[in-house]
Amino acid sequence: MKKTVIILMITVASFLLGFLRDLIIAKEFGLSWEADLIFVALVLPLFFENFFGLALRDAMIPYLQRIRSKSESQFILSSRWLYWRVMLFGLLVSLGAALGSPWVLKALAPGWSAEQVEAGLLVFSVGAFLIFVQAILYCQGALLSLDRIFILPMARTVTMNLGAIIGIYAFYPSGIYLFSGMLIPQVILIFIQHRRIGYLTGLAVPEKLESRGFEFAITFAPVLAAAGAQQGCMLAERFFASFLAEGSISMLSFSFRIVTIPLTLYTLSILAVMFPDMAKSWSDKNHEHFTNVLHKTSLATLLFLVPASVVLLSFPEPVVKILLERGAFGAEQTVATASLVTAYALGLPWMGLALMWGRALLAQQRQRAFLLATLFSSGVTILLDISLYKTYGAEGLAYSLSVGSFIQALLMAWLLYRAAPNGVSLTVLLRWAVSATSVTVAAFYMAPEPNGLIQLVLYISSLLVCLLVCLLILGERDLFRRSYWTTIRSA
1 MKKTVIILMI
11 TVASFLLGFL
21 RDLIIAKEFG
31 LSWEADLIFV
41 ALVLPLFFEN
51 FFGLALRDAM
61 IPYLQRIRSK
71 SESQFILSSR
81 WLYWRVMLFG
91 LLVSLGAALG
101 SPWVLKALAP
111 GWSAEQVEAG
121 LLVFSVGAFL
131 IFVQAILYCQ
141 GALLSLDRIF
151 ILPMARTVTM
161 NLGAIIGIYA
171 FYPSGIYLFS
181 GMLIPQVILI
191 FIQHRRIGYL
201 TGLAVPEKLE
211 SRGFEFAITF
221 APVLAAAGAQ
231 QGCMLAERFF
241 ASFLAEGSIS
251 MLSFSFRIVT
261 IPLTLYTLSI
271 LAVMFPDMAK
281 SWSDKNHEHF
291 TNVLHKTSLA
301 TLLFLVPASV
311 VLLSFPEPVV
321 KILLERGAFG
331 AEQTVATASL
341 VTAYALGLPW
351 MGLALMWGRA
361 LLAQQRQRAF
371 LLATLFSSGV
381 TILLDISLYK
391 TYGAEGLAYS
401 LSVGSFIQAL
411 LMAWLLYRAA
421 PNGVSLTVLL
431 RWAVSATSVT
441 VAAFYMAPEP
451 NGLIQLVLYI
461 SSLLVCLLVC
471 LLILGERDLF
481 RRSYWTTIRS
491 A
């Protein structure tokens, strides 16, 4: 638990720095083409990070854990084999994106003029090399997680966001300095983590590597395809947004950033620690422990994300005003962005549950089920994007993502319930849904508009108290028992 708290604190610091970075972008550029360029240049690295990086980590952990339980020497050889090939692959993708930047940028923002594309080539090319460093860092992160080292990899986002801020303020507010500031500290971190892992170079292993390439490909392919489908939804959203009014991409990016603050905190802290535990317990056939961890992780997910969703649905405009309204970001932009916050906030708890239940399916080595659920929900999301963006604009795109997350979570819950009924409690889900709906509706009709930060904090505190009271009335007990949480142990 202490390690989880430390990781959570680092994650909070990292996300605050990341949000400060976005605030600086909003202040310096507002809802302009320059801001859109920065976010479009981030689309490909973020897509690759979430498509390749997260999928690589999620596939490597259970795969290498199985090898390590049989032979430490084969584990070292397999880790080396994967590590150097991932590094080469990341470099080739970065070079390809930079060399093909005119065509890639036009494909990502087809609504831009030829002059806008030409002006953004240098910034986009520099940002493309984030792909290279992210590939290495995620591979290193998976290897460190297998040794139960979770804190060092957290420096990745801290250094990236801090470097971006320094790049803007120490030099000049431009995309070039922002991306250069992101790259340099992460390269330094790569060398530090490489030395910390130790067995990647210099250690002679008497055995020969058994053929692992095809075996890993079978494990990795479904996870990679599912991650690609999920990120395809984000690319589709930005694609259709480029045909809307100028600044639409920035509004979607700012609002999604606000809504996913608690989601990122949860993913990088609790889920990062619990996923290796779930994978190990299922591999060891300790299904009782797996079910116990799954149930507690589900409750922790609801605890993180439902209150945040209630707050954002109740006070979207005051939250956006306090966080973003300064400099070139005025009252008109606040109103437009707040409507998108509402749309995303509806799907926030389901985004977290889908992430958690998806990792549980991977821990059970049910990659095919994970893939099918993700492909179906992603297809629905993109179809909704196509149907809604012309009529409802950016708001329609945001609602499409929330609906897709809801469908994905329900499918994964059903798949898990069939294999581990005690790990997915329908009663708990219904209890939280009723409580959240009641408090949100009451706040919508009864709570006046907060005036200033202090009043907003008081209103939020009142909402959270009301939510906890509703949960108690409806029979929630585990959430409030300290012994329930302190009994989590690794299998």
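Under full-length UniProt numbering, the sequence shown has 236 at position 236, and the numbering climbs by one with no breaks. Ideal Cβ positions, reconstructed from N, Cα and C, are used throughout, including at glycine.
Check                                                                                                                                                         : Outcome
Do the CB positions of Ile184 and Leu44 come within less than 8 Å of each other?                                                                              : no
Quick check: what's the CA-CA separation for Ser490 versus Phe171?                                                                                            : With a pLDDT of only 44 at Ser490, under the threshold of 50, the placement of this residue in the model should not be trusted; the figure read from the coordinates follows. For Ser490 and Phe171, the distance between alpha carbons rounds to 47 Å.
I need the straight-line Cα distance from Ser101 to Gly127, nearest angstrom please.                                                                          : 11 Å
What is the DSSP secondary structure of Phe129, reduced to helix, strand or coil?                                                                             : coil
Just confirm the distance between the C-beta atoms of Gln333 and Ser377, as a whole number of angstroms; I'd bet it's less than 8 Å.                          : At roughly 31 Å, the Cβ-Cβ gap does not stay under 8 Å, so Gln333 and Ser377 are not in contact.
Is DSSP giving Phe243 helix, strand or coil here?                                                                                                             : coil
What residue range is occupied by the uninterrupted alpha helix (DSSP H) comprising Leu463?                                                                   : 453 to 473
Going by C-alpha to C-alpha distance, which of Leu105, Met182, Asp147 sits closest to Phe129?                                                                 : Met182
Given this structure, state the Cα-to-Cα distance separating Leu411 from Ser405, to the nearest angstrom.                                                     : 10 Å
Arg481 by DSSP, collapsed to three states: which one?                                                                                                         : coil
What's the gap between the Cα of Ala436 and the Cα of Val403?                                                                                                 : 17 Å
Return the Cβ separation of Val341 and Leu312 in integer angstroms, given the expectation that the two are a contact with Cβ distance under 8 Å.              : 6 Å
Indicate the three-state DSSP secondary structure (helix, strand or coil) for Arg257 in the structure shown.                                                  : helix
Is DSSP giving Phe179 helix, strand or coil here?                                                                                                             : helix
Between Gly163 and the rest of its own chain, which residues show a CB-CB distance below 7 Å, the 5 nearest in sequence each way excluded?                    : Gly181, Met182, Ile184, Pro185
Going by beta carbon distance, what residues of the same chain come within less than 8 Å of Ile166, once the five residues before and after it are set aside? : Gly181
Among Gln231, Tyr199, Leu178, which has the Cα closest to the Cα of Phe374?                                                                                   : Residue identity differs from the one stated: residue 374 is Thr in this sequence, not Phe. If we check each option's Cα against that of Thr374, Gln231 comes out closest.
Can you look up Arg326 in the DSSP assignment and give me helix, strand or coil?                                                                              : strand
Between Met51 and Ala227, how many whole angstroms is the CB-CB distance? I'm expecting something under 8 Å.                                                  : The identity of residue 51 in the sequence shown is Phe, whereas the question assumes Met. Indeed they touch by this definition, with Cβ atoms about 5 Å apart.
Give me the Cα-Cα distance between Ser356 and Thr297, rounded to the nearest whole angstrom.                                                                  : Looking at the sequence itself, residue 356 is Met, so the reference to Ser does not match. Roughly 8 Å between the two C-alpha positions.
Helix or strand or just coil, what does DSSP make of Phe275?                                                                                                  : helix
Considering only C-alpha positions, which residue in the set Leu324, Pro316, Val306 is nearest to Pro349?                                                     : Val306
Is it a yes or a no for the region 389 to 400 touching the region 246 to 262, going by three-plus beta-carbon pairs under 8 Å?                                : yes
Find out if the Cβ-Cβ distance for the pair Lys70, Phe329 is shorter than 8 Å.                                                                                : no
Pull up the distance between the alpha-carbon of Leu23 and that of Leu323, whole angstroms please.                                                            : 7 Å
Can you look up Gly358 in the DSSP assignment and give me helix, strand or coil?                                                                              : helix
Out of curiosity, what's the CA-to-CA distance linking Thr301 and Leu37?                                                                                      : 34 Å
Where do the ends of the alpha helix (DSSP H) carrying Trp62 lie?                                                                                             : A quick correction: the sequence has Pro, not Trp, at residue 62. Residues 54 to 70.
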